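Counting in this note's numbering, the sequence shown runs without a single skipped number right up to 429 at its last residue.
Glycine included, every Cβ here is placed at the ideal spot set by N, Cα and C.
For clarity, every value in this text was computed on a predicted model and none was experimentally measured.
See structure below.
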Amino acid sequence: MINSPKISNNQTENKKMEPFIMYPTVDFCFKELMCSEKARKGLIAAFLNLNPKEIQETVLLNTNLRKESEEEKLGILDVRVLMHDGTQIDLEMQVLPFRCWEERTLFYTCKMYTDQIISGDNYDVLVKCIHISILDFKFLKDTDEWYSCFHLREDKRGSLYSEKLEFHVLELPKLGDRSEPENELLQWAKFLNGKREEDFKAMAEKNEYINEAYQILKNISADDRKRIEYESREKAIRDYNHLIYMAKKEGMEEGIEKGIERGMEKGRETGIEVFIQDNLEEGVIQERIVEKLQKRFNLDYNSAEKFYEKYK
């Protein structure tokens, strides 16, 4: 049985007496929070189990993943950070289930690692690369733990092969009512997962770096122009969720990312659009994308080329 997703016109519908406040899991809001170096230091330090004061500087790097329209890319936010010691961190907020998430994170982290070296360089110039996934869906099937950290280790002895690649996964839906002692990461997780101002305020009172994020959250929530952009992103996510629901209701087993193979032409075209955008972000050339479209969506050459020109 497929349950219809709960879709409201806006998040104030069920709490009309409360002031509007944005959800940090919506990509626009999260990006605004991460523009603050203090908030950025606090969150990164929580993941790396450091004192934020030990982090001398973080530099927010430009990425190509932010789109001009909310319809161009749904749910994924990519924040690239350069640490004072050269360590590179790719921090992603993902609100919707994503096919092959582990392959995607491996691809981008390894690309971040290999892009450091140019012809003639020695391998010793390579520095550590860290990927942090903050997910608003359950991802790891073998555990109920809300936080996991992965390294390259030997199977039997558990000895570390290299510390140059590291993966962190935070699954917000697994938080529940945690009775365990709070550390900085759990405080951040509760803040990011908050839905009411009292949720955000409770964590802000415990952590000065979260308080920095909370003050920004209040300011952007009161900004009419930022609220319009935020609500357009929120609407895009609702529409996407509803499209997935309707596809499943029609008996489809595969999600939009792969392209719905029958029925719901709009859903199939959305899948094609996302596929093209992902390949462009990965630097795939036009000819190869058109070829992959033909195979993936069973298109003839002319149709694949038209879709490419439409969504490039």
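Any chance you could list the alpha helix (DSSP H) runs of at least 4 consecutive residues sitting entirely within the stretch 304-360, in chain order? Correct list: 314-321, 325-338.
Span of the beta strand (DSSP E) holding R405? Counting along the chain, no beta strand (DSSP E) covers R405; the unbroken alpha helix (DSSP H) around it starts and ends at 403-414.
I'd like the span of the alpha helix (DSSP H) that includes C227, first residue to last. Unbroken alpha helix (DSSP H) run through C227: 218-231.
How many Å lie between R274 and N166 at the Cα? Rounded to whole angstroms, R274 and N166 show a C-alpha spacing of 24 Å.
If you count every other CB in all the chains shown that lies within 10 Å of the CB of R270, and 16 or more means buried, which is it? Per the 10 Å Cβ criterion, exposed.
What is the DSSP secondary structure of K190, counted as helix, strand or coil? In this prediction, K190 scores a pLDDT of 45, lower than 50, which makes its location untrustworthy; the coordinate-derived value is nonetheless stated afterwards. The three-state secondary structure of K190, taken from DSSP, is coil.
Residue interval of the beta strand (DSSP E) (run including E283): Where E283 is concerned, the enclosing beta strand (DSSP E) stretches over 277-288.
What number of angstroms, rounded off, separates the C-alpha of E315 from the C-alpha of G388? The C-alpha of E315 lies about 38 Å from the C-alpha of G388.
Straight-line CA distance for D195 to L303? So the alpha carbons of these two residues sit roughly 21 Å apart.
Count the other CB atoms, across all protein chains shown, that sit within 10 Å of the CB of G159; report buried if there are 16 or more and exposed otherwise. Within 10 angstroms of the beta-carbon of G159 lie 16 or more other beta-carbons, which makes it buried.
If you follow the alpha helix (DSSP H) that L430 is in, where does it begin and where does it stop? The requested residue 430 does not occur in the structure, where the chain is confined to residues 118 to 429.
Please work out which residues of its chain come closer than 6 Å, Cβ to Cβ, to R157, disregarding the five sequence neighbours upstream and downstream, and give them in chain order. Exclusion of the five residues before and after R157 leaves M151, T175 as the residues of its chain whose Cβ lies within less than 6 Å of its Cβ.
Is Y428 helix, strand or coil when you go by DSSP? In the structure shown, Y428 sits in a helix (DSSP, three-state: H, G or I).
Stretch-stretch touch, CB-based, cutoff 8 Å, three pairs: the stretch 351-358 with the stretch 316-336: As far as the Cβ criterion goes, the stretch 351-358 does not touch the stretch 316-336, which means the pair count is below three.
Using the rule of at least 16 other Cβ atoms within 10 Å of the residue's Cβ for burial, across every protein chain shown, is P290 buried or exposed? Classification of P290: exposed, given that the 10 Å Cβ count is below 16.
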